[in-house]
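Asker: Counting along the sequence shown from 1, when you hit position 283 you're at 1237 in the numbering used here, and nothing is skipped either side.
Here it is: the structure, laid out below.
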Amino acid sequence: MRSQSRQGFQPRRHGPLPGPLLLTGRGRGDRSRSRRAGRAGRSSARSGTGQTVVDADRRGDIMKQPKVDVLIVGGGFMGSASAFFLRQRGKSVTLLERDVIGQYASGVNFGNVRRQGRHLGQLELANRSRALWQRLPELIGEDLEFLPSGHMRVCYREDEIAELEAYAAAPEARELDLKIYSGQALHERFPFLGPDVKGGSYAPHDGHANPRLAAPAFARAAIRAGARIEERTEVAHVEKVGNEFEVTTTDGRIFSADQLLITAGAWGQKLSTQFGESVPLDTHGPQMAVTEPVPYALPTVIGVFTKIPHEVIYFRQIARGNIIIGGGFRSKPDMINRRAYVEPRSIVNQVQQMRRLLPGVGNLNIIRVWSGIEGYTPDSLP
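Below, the structure is given as structure tokens:
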């Protein structure tokens, strides 16, 4: 098993993104040529009062970028989608991404497209999101492999069924069309579930998609709509200057905008702190695995509803036959070097929990494992 995948440019496979999927930013060669051109046209240094000031002003003019309506910091799914929808509303947009689009949490997550199980206060927004997922091919011109396959939350204890029933009965959940199963009806409807499963809540309209495709596809659509996206562009400093925001990058460029949108995920706290609005974030590395392909037989996304951490498991099978698994113990990522690691005990636990939940999986081989870097607020809302 490998904890870091080097898969080439195969965005439909599952695991960490290997490299840039957008060639939108300036490469090193472009920057060096720009610097050489600048040196070639620059007059030789002369002694004299104010010479340094003049040169500094000239450099500032060169590095100052055109002002836009909205500047976005962070090129994950949220940042890329925001760039696209802002352009749809006529706003000029520049997005800055330190590495490559969708490299971290957005490109390596499980791929759930679900409303079931979300905080009731989030469901109105989640319903709007679900409607957009249905329209994505016409909106952005690309297929993100969204499949409304249904989503099932199962539990191992009788008293947990009551919690599922209470959630389904809430007015906020009415659009989910949830159906509660238990006892014989449960195992007749889902005969592949193990005997430990006592009940479940089924959301017929939820489903899953390919997370590797999402952020790059939205970014490409944003570019086609007129957005500017700069990969390999790290933010050094953010400040409010008058009525504008100014962002200075490590290569010396200065970007300005009327509005600033921080979608930097686990690194968002560092930027928001510069405005005196520190957001407490915990960082974790989700544990993901994918099996060898087997005949397609499990269209429904299934996850365990439990308060016991090691029992948390969820899986989905894709059309090519592979089963993608998540849940269990999470790792602590290295935020300085921007690396996430797989915990071997978590993968072992996933296999054990899968056999409990789905005895028929037998001895499927795990062919790849990976992790990512995710940020969580203390109450996980959002």
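Backbone N, C-alpha and C fix where the C-beta goes; we use that ideal spot for every residue, glycine too.
Bear in mind the structure is a predicted one, so any value in this text is a computation, not a measurement.
Taking all protein chains shown into account, decide if L1140 is buried (16 or more other Cβ within 10 angstroms of its Cβ) or exposed.
Answerer: Burial call: buried.
Asker: Quick check on this structure: which residue in K1018, D1023, Y1330, Q1019 has the alpha carbon closest to the alpha carbon of L1215?
Answerer: The shortest Cα separation from L1215 among K1018, D1023, Y1330, Q1019 belongs to D1023.
Asker: Could you spell out where the beta strand (DSSP E) holding K1133 opens and where it closes?
Answerer: Residues 1133-1136.
Asker: Closer than 7 Å by C-beta to P1240: which residues in its own chain qualify, once you throw out the five before and the five after it? Chain order, please.
Answerer: N1063, G1280, R1284, S1325, G1326, E1328, listed in sequence order.
Asker: Look at H1105 and T1260 and say whether their C-beta atoms are less than 8 Å apart.
Answerer: In this structure, T1260 does not lie closer than 8 Å to H1105 by Cβ.
Asker: Taking the Cβ atom as the reference point for each residue, do S1155 and I1134 lie within a distance shorter than 8 Å?
Answerer: Yes, the Cβ-Cβ distance between S1155 and I1134 is below 8 Å.
Asker: Mind checking whether P1183 and A1037 have CB atoms under 8 Å apart?
Answerer: Note on identity: in this sequence residue 1183 is Ile, with Pro being the wrong assignment. Cβ distance < 8 Å, so I1183 and A1037 count as in contact.
Asker: Are there 16 or more other CB atoms within 10 angstroms of the CB of H1162, so buried, or fewer, so exposed?
Answerer: Label assigned to H1162: buried.
Asker: Could you give the C-beta distance for R1270 and G1065, rounded to a whole number, given that I count them as a contact under 8 Å?
Answerer: Right, their Cβ atoms sit about 7 Å apart.
Asker: Can you tell me whether DSSP reads F1283 as helix, strand or coil?
Answerer: F1283: coil per DSSP, three-state reduction.
Asker: Report all residues from its chain with a CB closer than 6 Å to the CB of N1081; omit the five preceding and five following residues, and keep chain order.
Answerer: E1129.
Asker: At which residues does the beta strand (DSSP E) containing V1024 begin and terminate?
Answerer: 1022-1027 is the extent of the beta strand (DSSP E) around V1024.
Asker: Give the DSSP bridge partners of Q1213, in chain order.
Answerer: Bridge partners of Q1213: V1024.
Asker: In the structure shown, what three-state DSSP assignment does H1141 receive?
Answerer: In this structure, H1141 counts as helix in the three-state DSSP scheme.
Asker: Express the C-alpha separation of P1158 and Y1110 in angstroms, rounding to a whole number.
Answerer: Straight-line Cα distance between these residues: approximately 21 Å.
Asker: With 16 as the cutoff for other CB atoms within 10 Å, does A1124 come out buried or exposed?
Answerer: Its Cβ having fewer than 16 others within 10 Å, A1124 is exposed.
Asker: Could you work out which residue in V1248, H1238, V1192, P1332 is closest to E1297 when comparing CA atoms only?
Answerer: It is H1238.
Asker: When the Cα atoms are used, what is the spatial distance from E1112 to F1144?
Answerer: Each residue's alpha carbon lies about 17 Å from the other.
Asker: With a cut-off of 8 Å on the beta carbons, I'd call P1332 and P1234 a contact; round off their distance for me.
Answerer: With 8 Å as the limit, P1332 and P1234 qualify as a contact, their Cβ atoms being about 6 Å apart.
Asker: To the nearest angstrom, report how far apart D1131 and Y1121 are at their CA atoms.
Answerer: Cα-Cα distance, rounded: 11 Å.
Asker: On a Cα-Cα basis, can you pick out the residue from N1317, M1289, R1207 that is closest to P1020?
Answerer: Among N1317, M1289, R1207, the Cα nearest to that of P1020 is on R1207.
Asker: I'd like to confirm the pairing. Which residues does DSSP put opposite Y1330 in its beta bridges?
Answerer: According to DSSP, which records beta bridges pairwise, Y1330 is partnered with D1236.
Asker: Within 10 Å of its beta-carbon, does E1188 have 16 or more other beta-carbons around it, so buried, or fewer, so exposed?
Answerer: E1188 comes out exposed.
Asker: What do you reckon, is the C-beta of I1055 under 7 Å from a heavy atom of the ligand GDP?
Answerer: Within the structure as shown, the ligand GDP is missing, as the structure has no ligands at all.
Asker: For G1180, collect the residues of the same chain with a Cβ closer than 6 Å to its Cβ; drop the 5 residues on either side in sequence, then sort them by chain order.
Answerer: Here the set comprises R1041.
Asker: Can you name, in chain order, every residue of its own chain whose Cβ lies under 7 Å from the Cβ of H1073, other than the five neighbours on each side?
Answerer: Here the set comprises L1335.
Asker: Would DSSP call S1103 helix, strand or coil?
Answerer: Of the three classes helix, strand and coil, the one that applies to S1103 here is coil, per DSSP.
Asker: With distances taken between CB atoms, is the gap from I1272 to Q1304 smaller than 8 Å?
Answerer: No, the pair does not count as a contact, with Cβ atoms beyond the cut-off.
Asker: Could you tell me the alpha carbon to alpha carbon distance between T1202 and Q1213, rounded to whole angstroms?
Answerer: Cα to Cα, the separation comes out at about 15 Å.
Asker: Measuring CA to CA, which of L1079, V1027, V1258 is closest to A1127?
Answerer: Cα-wise, what sits closest to A1127 is L1079.
Asker: In terms of alpha-carbon separation, which member of A1211, P1249, T1204 lies closest to V1195?
Answerer: The residue with the shortest Cα to Cα distance from V1195 is A1211.
Asker: Is the beta carbon of F1031 sitting closer than 8 Å to the one on G1056?
Answerer: Yes, these two residues count as a Cβ contact at 8 Å.
Asker: Note down, in chain order, each residue of its chain lying with its Cβ closer than 6 Å to the Cβ of A1168, except the 5 sequence neighbours on either side.
Answerer: Excluding residues within five positions, the ones whose Cβ falls inside 6 Å are F1031, L1098.
Asker: Who are the Cβ neighbours of G1033 in its own chain at under 6 Å, not counting the five residues just before and after it?
Answerer: Hits under 6 Å: I1026, L1049, T1217.
Asker: Are the beta-carbon atoms belonging to A1173 and G1029 less than 8 Å from one another?
Answerer: Going by C-beta atoms, A1173 is nearer than 8 Å to G1029.
Asker: Please classify N1317 as buried or exposed, where buried requires at least 16 other C-beta atoms within 10 Å of its C-beta.
Answerer: Under this definition N1317 is an exposed residue.
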